[in-house]
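Here's the structure we're looking at; comments come further down.
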Amino acid sequence: MTVTLVLGLLLLTFGPGMLVNAQTWNDTHRLLTDLMTGYDRHVRPVRNQAHPVRVYIDFSLHSVKVNVI
């Protein structure tokens, strides 16, 4: 759960085409630093560490801009 939340926040903050929605860059940096303190990348959110983690991603197209000549 925590890993999913952290990954989601990282994608929202640093994803391609995304803007950082914070008062300053320092606010964003402090948030990510606080979230990642004590993070261990070797711990996976599964009951059995031998099982793979399945990640499902869904993309949506929000708008299309067409230039008519």
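Numbered according to our numbering, the sequence shown spans residues 3 to 71. Here a beta-carbon is modelled for each residue, glycine too, at the ideal position from N, C-alpha and C. Quick caveat: nothing in here was measured; it's all calculated off a predicted structure.
Open item on the list: Going by DSSP in three states, residue 39 sits in which element: helix, strand or coil?
Closed with: Per DSSP, reduced to three states, the secondary structure at residue 39 is coil, with no helix or strand assignment.
Open item on the list: Would residue 47 and residue 57 qualify as a contact pair, given that the criterion is a beta-carbon distance under 8 Å?
Closed with: With a cutoff of 8 Å on beta-carbon distance, residue 47 and residue 57 are scored as not near each other.
Open item on the list: DSSP three-state label for residue 31, please.
Closed with: Residue state, collapsed to three classes: helix.
Task: Inter-residue Cα distance where the pair is residue 43 and residue 36 - done: Distance between the alpha carbons of residue 43 and residue 36: 15 Å.
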